[in-house]
Structure formats: C-alpha cells, structure tokens
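Going by the numbering used here, the sequence shown opens with residue 173, and the numbers climb by one from there.
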Amino acid sequence: MAEVIGLLGGRYSEVDRIVEVCAAEPCNSLSTGLQCEMDPVSQTQASETLAVRGYSVIGWYHSHPAFDPNPSLRDIDTQAKYQSYFSRGGAKFIGMIVSPYNRNNPLPYSQITCLVISDEVSADGSYRLPYKFEVQQMLEEPRWGLVFEKTRWIIEKYRLSRSSVPMDKIFRRDSDLTCLQKLLECLRKTLSKVTNCFIAEEFLTQIENLFLSNYKSKPENGMAEENTTVGPKELLM
Numbered sequence: 173m174a175e176v177i178g179l180l181g182g183r184y185s186e187v188d189r190i191v192e193v194c195a196a197e198p199c200n201s202l203s204t205g206l207q208c209e210m211d212p213v214s215q216t217q218a219s220e221t222l223a224v225r226g227y228s229v230i231g232w233y234h235s236h237p238a239f240d241p242n243p244s245l246r247d248i249d250t251q252a253k254y255q256s257y258f259s260r261g262g263a264k265f266i267g268m269i270v271s272p273y274n275r276n277n278p279l280p281y282s283q284i285t286c287l288v289i290s291d292e293v294s295a296d297g298s299y300r301l302p303y304k305f306e307v308q309q310m311l312e313e314p315r316w317g318l319v320f321e322k323t324r325w326i327i328e329k330y331r332l333s334r335s336s337v338p339m340d341k342i343f344r345r346d347s348d349l350t351c352l353q354k355l356l357e358c359l360r361k362t363l364s365k366v367t368n369c370f371i372a373e374e375f376l377t378q379i380e381n382l383f384l385s386n387y388k389s390k391p392e393n394g395m396a397e398e399n400t401t402v403g404p405k406e407l408l409m
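Right, here's the structure in full:
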C-alpha cells in the first residue's frame, strides 16, 4: 500500500475559532519509498480546483495506510513547513493523517488524526511539538453528484496502480469484510449523521456498483495487473 496525499479546502471562522474542512482534493505524490511528498504542479492544480469551489486551502492530508495515524518526525517537519507557508496573513493550516487499514484497529472505521505544530520544542530540542485536537463532523448533506464524480475519477486514475488496495481482498485476517465492504461501512457511519438511511443506502449502492463495474484490471505488457484500486482515504471528506 502506498501513501496518498492532497490538500484540504474549507474556511476558518476567526470569531468562533473553528476550522471547517469541506473538501479534500487529491494530489500526485513524489514518493521515495519511505516518504510521500506532494508534487508541486499537482499541488497548484488542487489549490485552483478548491478556489473554484469557493474554498480556501486550510490544510493537507496524507495516509498511514496500515499503521497508527501518529505523526512521524518527517510529518512534523512537513507540517511545520506547510504551516509556516500557508499561515501567512493569519490563515490557519492543519494537518490530517488518515489510517484506513491499521492492523491495530479491529473496527472497520478509518482513524483520523488532526494536528498543528506548536512553537514548543521537544525535551532534546530536535523537533517542535505537535498538538492533536478533536474533530466534530459537520451536519451537512454531501454534494452527492460531486462525491460520485470524484469517486469515478479516483477509480479511473488509480485502478491499475500496483500500489493500490485490492478491494476484493479481506481487509483483516479476523474479519469477513472485504476492503470494499469496509469502505462502505465507513461511509455508512459518516452518512448516518447527515441524511436518512434510505438516501444513504441508495448512494452506497451506487458507490458499490461503481467499483464493481468500473474497477477491473486490464492486461498490460501481455500480463494481467493485480486487481487493485484506491482505498477509502480519498473518499472521506
């Protein structure tokens, strides 16, 4: 599994001191094999896409696909740099780490950590201290058509990637759920707070059918690719 990365769009209320995350825009990554960096060109395009939708860039996200969503020293350093750059003029900038397939998490729900970096330094002076804060889900219905089209785009873009998640694979050894079913359970929990169950189930059926009908491996260079697609971290907004 490879890490994914992108920008978060939304708004910040100075009066209420609340950051609202309204959209996630995927970016291409420049991976070293150990770290995931945002491609500058893709980052610019993502910023423009969010601006067209009326959102400011208020954060970035990346995944820890199969381990705890705790920031590494590299994550802390990256967040500090982004925070310094994007926070000019008083704007807020958060970091979000999503862990969809954490082996230590028995539940089918992705884990999310949101953080900012303080000016305080660690005891040995080697890094600035990160601060985690609680997240509350916004009680607004998603823009169904937009989410559906973004899902279609993600499938088309990543379905043949060798580092993507095989959605027909059991997501944990002690579970009966496939990765696709796990994704749907995670979405079901999120949607249960913002819409009635009938609308949610209809939408989930459309998402499931989209994966089942559009995500199919194609032969490449005379050999069939492993059945792969993207995991749920791109869908949770």
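Every residue, glycine too, gets a C-beta built ideally from N, C-alpha and C. Bear in mind that the values here come from a model prediction, so they are computed numbers and not experimental data.
task = Please state if the CB of Lys304 and the CB of Thr323 are separated by a distance shorter than 7 Å.
result = As a first step, residue 323 is located in the sequence shown; it is residue number 151 there, counting from the start. As a first step, residue 304 is located in the sequence shown; it is residue number 132 there, counting from the start. No, these two residues do not count as a Cβ contact at 7 Å.
Please determine if the stretch 210-219 and the stretch 295-309 are in contact, where contact requires at least 3 C-beta pairs separated by less than 8 Å. The stretch 210-219 is not in contact with the stretch 295-309.
Practice problem: Determine the burial state of Cys369: buried for a count of at least 16 other Cβ atoms within 10 Å of its Cβ, exposed for fewer. | Solution: By 1-based counting over the sequence shown, the position of residue 369 is 197. It is exposed - the Cβ of Cys369 has fewer than 16 other Cβ atoms within 10 Å.
Q) Hey, quick one: how far does the alpha helix (DSSP H) through Val319 stretch, first residue to last? A) The residue labelled residue 319 in the question sits at position 147 within the sequence shown. Where Val319 is concerned, the enclosing alpha helix (DSSP H) stretches over 316-330.
### Task
Ignore the nearest five residues each way along the sequence and tell me which others in Glu357's own chain have a CB closer than 6 Å to its CB.
Sequence index remark: in the sequence shown, residue 357 carries index 185 (1-based). For Glu357, where only same-chain residues beyond five positions count, the Cβ hits under 6 Å are Pro280.
- prompt: Using the C-alpha atoms, what's the distance from Cys194 back to Gly226?
  reply: Within the sequence shown, numbered from 1, the residue matching residue 226 stands at position 54. Within the sequence shown, numbered from 1, the residue matching residue 194 stands at position 22. Using only the alpha carbons, I get a separation of about 10 Å.
Judging by CA-CA distance, which residue of Ile266, Asn276, Asp340 is the nearest neighbour of Glu306? Taking the sequence shown and counting its residues from 1, the one referred to as residue 306 is at position 134. Selected option, being the one with the closest Cα: Ile266.
- prompt: Closest to Ile327 by CA distance: which of Gly178, Ser271, Arg246, Glu380 is it?
  reply: Working through the sequence shown from its first residue, we reach residue 327 at position 155. Among Gly178, Ser271, Arg246, Glu380, the Cα nearest to that of Ile327 belongs to Glu380.
Q: Would you please state the rounded distance, in angstroms, between the beta carbons of His234 and Ile289? I believe it to be under 8 Å.
A: Your numbering for residue 234 matches position 62 in the sequence shown. Your numbering for residue 289 matches position 117 in the sequence shown. At roughly 15 Å, the Cβ-Cβ gap does not stay under 8 Å, so His234 and Ile289 are not in contact.
Just the C-alpha distance for Lys365 and Leu382, rounded to the nearest angstrom, thanks. Residue 365 sits at position 193 when you count from the first residue of the sequence shown. Residue 382 sits at position 210 when you count from the first residue of the sequence shown. Between the C-alpha atoms of Lys365 and Leu382 there is a straight-line separation of about 23 Å.
message: Among the candidates Ser228, Met339, Thr367, whose CA atom is the shortest distance from the CA of Glu312?
response: Mapped onto the sequence shown, residue 312 falls at position 140. When each option's Cα is compared against that of Glu312, the closest is Thr367.
Tell whether a beta-carbon distance below 7 Å holds between Val191 and Ile248. As a working note, residue 191 is residue 19 in the sequence shown. As a working note, residue 248 is residue 76 in the sequence shown. In terms of Cβ geometry, Val191 and Ile248 do not form a close pair [threshold 7 Å].
Item to complete: List the endpoints of the continuous alpha helix (DSSP H) containing Ser364.
Response: In the sequence shown, counting from the first residue as 1, residue 364 sits at position 192. Run containing Ser364: none; DSSP gives neither H nor E here.
Trp325 burial status per 10 Å Cβ neighbour count (16 or more: buried): Position 153 of the sequence shown, counted from the start, is the residue given in the question as residue 325. So Trp325 ends up on the exposed side.
With respect to the beta strand (DSSP E) encompassing Ala174, which residues constitute its N-terminal and C-terminal limits? One-based indexing of the sequence shown puts residue 174 at position 2. Run containing Ala174: none; DSSP gives neither H nor E here.
Worksheet item: With a Cβ-Cβ cutoff of 7 Å, do Leu363 and Ala372 count as a contact?
Response: If you number the sequence shown from 1, residue 363 lands on position 191. If you number the sequence shown from 1, residue 372 lands on position 200. Yes, Cβ-Cβ distance for Leu363 and Ala372 is below 7 Å.
Length of the line joining the Cα atoms of Arg189 and Ala252:
As a first step, residue 189 must be located in the sequence shown, where it is residue number 17. As a first step, residue 252 must be located in the sequence shown, where it is residue number 80. Looking at the two C-alpha atoms, the distance is approximately 20 Å.
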